[in-house]
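Peer 1:
In our numbering, the protein residues as written are 5 to 298.
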């Protein structure tokens, strides 16, 4: 997220809920508040521990929790701030923070951790961790989450969603207008009320989709070698275009049988069901594609 450098680029001598960072102790309790605009922007750095964000109907920022072996810095103003858990210079410590942060409902946040877990409820934002788990719930305008080794769980409704993992598992529930979910080896599991536009892709991870699609929408599924399973309503209208270059297709949704690809090594299946509906494209290089009936 592109936060204004002028708004949040403060130094250690800047505004920090009183002008200075919190001093280092073995453990310190945090309980602070600060005025915040409804379109407030917040950037958070907390390498280890946990960060929980909640939206509330107040024009203020609230930070509560604990910090061990480090110090909490918070600087900025009413429109934008930066909150960071820092290792004191030369102390060679590994600070751990467990924070609960409340922001105005219209706020946008950017959160980064290394091993720390992230949880957010009703907060629009960008969430990034190296190995920590991320869980996003509630209603938001947009959500973007990435974890190299951690798991990501979405139980939300949002217009625009981007989620990525390396080896972590992606679990997605809810309603999304525009969804992109990708992994390298981690599995992707989607149980949806509705998706209009989307792309789900993996290298070796399996992809499982259970749910419905918005009429007129378009959703693509792609994997190099992972199994792609779609469990769909029997009455679903739309067009399904399935190809596995060197793998197989198992169709239990209809009585139609797949045919051989041009090379003879794989299978393809093209289904049209009813009028209008959704366009679904499934591509795999050597994985199995499965169609199941809900």
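Cβ coordinates follow ideal geometry from the N, Cα and C atoms, glycine included.
Taking the Cβ atom as the reference point for each residue, do residue 46 and residue 124 lie within a distance shorter than 7 Å?
Peer 2: In the chain shown, residue 46 corresponds to position 42, counting from 1. In the chain shown, residue 124 corresponds to position 120, counting from 1. Not in contact: residue 46 and residue 124 (Cβ atoms no closer than 7 Å).
Peer 1: Taking the runs of the beta strand (DSSP E) that are 3 residues or longer, which of them lie wholly in the segment 80-114?
Peer 2: Within the segment 80-114, the complete beta strand (DSSP E) runs of at least 3 residues are 84-90 and 100-108.
Peer 1: Helix or strand or just coil, what does DSSP make of residue 159?
Peer 2: By one-based count along the chain shown, residue 159 stands at place 155. Strand at residue 159.
Peer 1: Could you pull out every residue in the same chain whose Cβ sits closer than 6 Å to the Cβ of residue 60, ignoring the five residues on either side in sequence?
Peer 2: Position 56 of the chain shown holds residue 60. Answer for residue 60: 106, listed in chain order.
Peer 1: On the criterion of 16 or more Cβ atoms from any shown chain inside 10 Å, does residue 274 qualify as buried, or is it exposed?
Peer 2: Within the chain shown, residue 274 is the residue found at index 270, counting from 1. Exposed: under 16 other Cβ atoms inside 10 Å.
Peer 1: Within 10 angstroms of its Cβ, does residue 276 collect 16 or more other Cβ (buried), or is it exposed?
Peer 2: Start at 1 with the first residue of the chain shown, and residue 276 comes out as number 272. So residue 276 counts as exposed.
Peer 1: Below 8 Å, can you find three or more Cβ-Cβ pairs linking the segment 99-114 to the segment 62-79?
Peer 2: Yes: the two stretches touch, three or more of their Cβ pairs being nearer than 8 Å.
Peer 1: With a threshold of 16 other CB atoms inside 10 Å of the CB of residue 294, please say whether the residue is buried or exposed.
Peer 2: To locate residue 294, count along the chain shown from 1; it is residue 290. Buried is the call here.
Peer 1: Which residue wins for smallest C-alpha separation from residue 268, given the options 250, 261, 255 and 259?
Peer 2: Walking along the chain shown from the start, residue 268 turns up at place 264. Checked all of 250, 261, 255 and 259; the closest Cα to residue 268 is 250.
Peer 1: With respect to the beta strand (DSSP E) encompassing residue 272, which residues constitute its N-terminal and C-terminal limits?
Peer 2: Translated into the one-based positions of the chain shown, residue 272 becomes position 268. Its beta strand (DSSP E) spans residues 271-277.
Peer 1: Please classify residue 261 as buried or exposed, where buried requires at least 16 neighbouring CB atoms within 10 angstroms.
Peer 2: As a first step, residue 261 is located in the chain shown; it is residue number 257 there, counting from the start. By the neighbour-count rule (16 or more Cβ atoms within 10 Å), residue 261 is not buried but exposed.
Peer 1: Which residue's Cα is closest to the Cα of residue 157: 38, 141, 179 and 200?
Peer 2: In the chain shown, residue 157 corresponds to position 153, counting from 1. Per the Cα distances, 141.
Peer 1: Write down the C-beta distance between residue 113 and residue 72 rounded to the nearest angstrom, noting that I regard them as a contact closer than 8 Å.
Peer 2: The residue you call residue 113 lines up with position 109 of the chain shown. The residue you call residue 72 lines up with position 68 of the chain shown. With a Cβ gap of about 23 Å, residue 113 and residue 72 do not count as contacting.
Peer 1: If we ignore side chains and look at the alpha-carbon of each, how far apart do residue 160 and residue 126 end up?
Peer 2: If you number the chain shown from 1, residue 160 lands on position 156. If you number the chain shown from 1, residue 126 lands on position 122. Going from the Cα of residue 160 to the Cα of residue 126 covers about 8 Å.
Peer 1: Reducing DSSP to helix, strand and coil, say where residue 260 ends up.
Peer 2: For the purposes of this step, residue 260 is taken as residue 256 along the chain shown, with counting starting at 1. Residue state, collapsed to three classes: coil.
Peer 1: Could you check which residue in 70, 82 and 204 has the C-alpha nearest to that of residue 89?
Peer 2: Within the chain shown, residue 89 is the residue found at index 85, counting from 1. When each option's Cα is compared against that of residue 89, the closest is 70.
Peer 1: Is the segment 135-151 in contact with the segment 166-177, if contact means three or more CB pairs nearer than 8 Å?
Peer 2: Segments in contact, yes.
Peer 1: Going by CA-CA distance only, name the one from 288, 194 and 227 that's closest to residue 207.
Peer 2: As a working note, residue 207 is residue 203 in the chain shown. With distances taken between Cα atoms, residue 207 lies closest to 227.
Peer 1: Looking only at its own chain, which residues have a Cβ that is under 8 Å from the Cβ of residue 188, when we skip the five neighbours before and after it?
Peer 2: Here residue 188 refers to the residue found at position 184 when the chain shown is read from its first residue. Correct list, in chain order: 169, 170, 171, 206, 207, 208 and 209.
Peer 1: By DSSP, does residue 249 sit in helix, in strand, or in coil?
Peer 2: Numbered from its first residue, the chain shown carries residue 249 at position 245. In the structure shown, residue 249 sits in coil (DSSP, three-state: anything other than H, G, I, E or B).
Peer 1: Helix, strand or coil, according to DSSP, for residue 208 in the structure here?
Peer 2: For this step, residue 208 is matched to residue 204 along the chain shown. If DSSP states are grouped into helix, strand and coil, residue 208 belongs with coil.
Peer 1: Quick check: is the beta carbon of residue 202 nearer than 7 Å to any beta carbon in chain C?
Peer 2: As a matter of chain content, chain C is missing from the structure shown, which is built from one protein chain.
Peer 1: From 214, 80 and 225, pick the residue whose C-alpha is nearest to that of residue 40; which is it?
Peer 2: For the purposes of this step, residue 40 is taken as residue 36 along the chain shown, with counting starting at 1. That would be 80, whose Cα lies nearest to the Cα of residue 40.
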